[in-house]
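In my numbering, the protein residues as written are 16 to 590. Where is the CB? At the ideal position from N, CA and C, for every residue including glycine. Below you'll find the structure, written out as structure tokens, and then a few comments.
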Amino acid sequence: MKGYLIAEEGPLSGLVIRLEEGSEWIIGRDPSSSQVLEDPMVSRKHLICRLTDQGFIVENLSITNPASLNGNPIVDPVSLEEGDILQIGNTLFKFSETDPSYSDAFEPSASYKEPTIFEEESPLDIITLHEPSSGRWMLKVISGPNTGAEFGLDVGQTYIAGKDPSLCEIVFQDLSVSRQHAKLSVQEDGTVLVEDLSSKNGTYVNGHMLAEAKSLVSQDLVAIGTTSFLVIDKEQTRETIFSPTPIPPIFVEKEEEKLAVEEEIETKKSFKDMVIPTKHLIFAGCFGFLLLVGVTSALSLFKSHPVAVVSMDDEKMLKDIFKKFPGVEYSFNKPLGKIFIMGDVISDVEKQELYYLLKSLPFLQTIEDSVIVDEIITSDMNAFISKNPNWRAVSISALAPGKFTIRGYVQTLQDATALMEYLAVNFPYNEKLENQVVVANNLEAEIQSILMEKGFINVTFQLASGEIVLGGRVNDQSEKQFEQLLKDLKKMQGIRSVKNFVIITTASTTRINLSDKYRVTGTSKLGNVSQYVVINGQILTMGDLLDGMSITQIESDAVLLEKDGLKYRINYNQQ
């Protein structure tokens, strides 16, 4: 079983994808695909087609620009039927199980002979001509590569005119003619309609460009590309060119030729016999001398100066323009005045500016481009990324033409891996993409490790979308080290801002005050040094434990304690 996808509209018009060998075909922009489509709106792997017992089935592989069947996006695998219209990128393909190379739209008759307009085959294709039919209408080519060709039109038939012999019934060997340029239809009432098929150069009738289908009359002049032809009503032609008693032109020509020869001979004879009077010769000589003197005098009044010829350096002018667009390259064909540009620009405004500058050059006739507008690519991609809640803090931007950067935050390493896998399939410019996505869990672990290493165990932090908020206490003796820590945090990749709410404390304020929980009711001293203290009814001294806290010092107004690296105080005798 065989199938064919025939491109009817779009940039790939005329392309035929043959589903003949194998049972599975991948269609996309990737060079490894079964069928490669050179269209920037086509994904690397856009569509897959399979041959099953039920027939051909297609499945969409593109998330960025899904394929559609008969105007409906393809969500699940769907079967192809004869005549279905499949859209891939910007091109519409018609599915058929009939090989378009053997279309029976036109079959030459047995009396058909090879035309002799050209002695050699054109590099495009061998031109196909119709044998003049007995119908009422005929096309007569009067200009272009196929001048002199004639095409007969039958009533009730439709003819496609273009340069593709596999798709057209009337083929012109003209580079300016589209593959399928125009359609001519002969109605049952004998009228002829012509319609343009969205051709690149348009179709003109009597010098006016067609906007819609138009009815033709005899002697109308139709132009497609550089080819022009007359539409001739043969019935009217027979009435107007009839002559009852024509005179053989060969006799008229011979008679005229004979008279001309005799006249020339007579003229020569009379000239030889002519005698010019002497006074006329003297007068002519004087006049010639005076004329020579006058011309010489007039020329002496002028001085000759070299004329400076200013030559325009086409290549230099182009280089000056493209200096402003470092992401764009060009190829210039000087004899044809044609330039092909490719590459990247940041915005659509830059592309319009480039076109404006190029169109101002007088030596450029045609501009063809494959320039990519980066902001369109990034905006479309960001719309798809934002649909996943785990990636909403991530975005793609183009800081320079053709250089894409993905920035933002994801919570886990699994989220980052899933994001990269998604971009590998759906983002067409991965080789130009720089990954600067930060994993929040990894960043939090790194910050915690730095705080522990620097000895700031009493400092806490919170991290959200690159913003870190610090809290807690730091001893005044470690204030300089903490300021350096803040500078180091600001330099870390993934940290956008640092908010510091850490309190710098002195030796007396660093301890946790437990005075509201414990009450000192008495002390004993040896000299000026306190030896014992009564806390909540317990007699304690240095080294004793109070609820797991060790008494390290008994001062005149406070008891100092420590537990697990934390320091506490209980105040007393305060006035």
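Would residue i and residue j be called neighbours here (beta carbons separated by less than 7 Å)?
i: L541; j: V548; result: no
i: I336; j: L372; result: yes
i: Q477; j: A455; result: no
i: D572; j: I566; result: no
i: E203; j: A228; result: no
i: Q172; j: L182; result: no
i: G470; j: V517; result: no
i: F244; j: K155; result: yes
i: N221; j: L236; result: yes
i: D384; j: I411; result: no
i: L212; j: S200; result: no
i: G25; j: N85; result: no
Exposed or buried, what is residue i when buried is set at 16 or more other beta-carbons lying within 10 Å of its beta-carbon?
i: N528; result: exposed
i: F304; result: exposed
i: N551; result: exposed
i: C301; result: exposed
i: F187; result: buried
i: I141; result: Because I141 sits at a pLDDT of 40, beneath the cut-off of 50, its placement in the model cannot be relied upon, and the following sentence gives the value as read from the coordinates. I141 should be labelled exposed.
i: A176; result: buried
i: V192; result: buried
i: K495; result: exposed
i: G18; result: buried
i: Q102; result: buried
i: P91; result: Checking the sequence shown, residue 91 turns out to be Asp, not Pro. So D91 ends up on the exposed side.
i: A299; result: exposed
i: T11; result: The question about residue 11 has no answer, for the chain in this structure spans 16 to 590.
i: T242; result: buried
i: V574; result: buried
i: K338; result: exposed
i: V308; result: exposed
i: E365; result: buried
i: M224; result: exposed
Quick check: the Cα distance between residue i and residue j, rounded to an integer number of angstroms?
i: F399; j: R422; result: 15 Å
i: K334; j: K418; result: 22 Å
i: S464; j: R584; result: 30 Å
i: L139; j: V343; result: With a pLDDT of 40 at L139, under the threshold of 50, the modelled position of this residue cannot be trusted, and the question is left open.
i: I72; j: V57; result: 19 Å
i: D363; j: I387; result: 9 Å
i: L458; j: A479; result: 11 Å
i: S77; j: V452; result: 24 Å
i: V51; j: Q251; result: 52 Å
i: K402; j: A431; result: 15 Å
i: I157; j: I354; result: 31 Å
i: A460; j: K505; result: 16 Å
i: L168; j: P443; result: 49 Å
i: G352; j: Q234; result: 35 Å
i: S591; j: S47; result: This structure leaves residue 591 out entirely; the chain is present only between 16 and 590.
i: G43; j: L20; result: 14 Å
i: D395; j: T79; result: 8 Å
i: W152; j: K198; result: 15 Å
i: D119; j: F108; result: At D119, the pLDDT of 43 sits below 50, so the modelled position is not reliable and the matter cannot be decided from this model.
i: L576; j: V513; result: 34 Å
i: D616; j: F110; result: There is no way to answer for residue 616, as the model of the chain reaches only from 16 to 590.
i: K81; j: G37; result: The question names Lys, but residue 81 is Pro in the sequence shown. Approximately 24 Å, taken between the alpha carbons.
So if DSSP puts residue i in a beta bridge, which residue, or which two residues, is it bridged to?
i: L478; result: I483
i: Y219; result: M224 and A238
i: F244; result: V156 and V237
i: P88; result: S83
i: S493; result: Its beta-bridge partners do not exist; DSSP assigns none.
i: M564; result: L561
i: Q429; result: Bridge partners of Q429: none, in fact.
i: Y345; result: I356
i: F516; result: G486
i: V207; result: V201 and L231
i: K469; result: Paired residues: none, contrary to the question.
i: A573; result: N586
Please state the DSSP three-state secondary structure of residue i.
i: P259; result: With a pLDDT of 41 at P259, under the threshold of 50, the modelled position of that residue is not reliable, and no figure is offered here.
i: L231; result: strand
i: V267; result: In this prediction, V267 scores a pLDDT of 39, lower than 50, which makes its location untrustworthy; no coordinate-derived value is stated.
i: I361; result: coil
i: A299; result: helix
i: L434; result: helix
i: N75; result: strand
i: G309; result: helix
i: S385; result: strand
i: Q463; result: helix
i: Y19; result: strand
i: F110; result: strand
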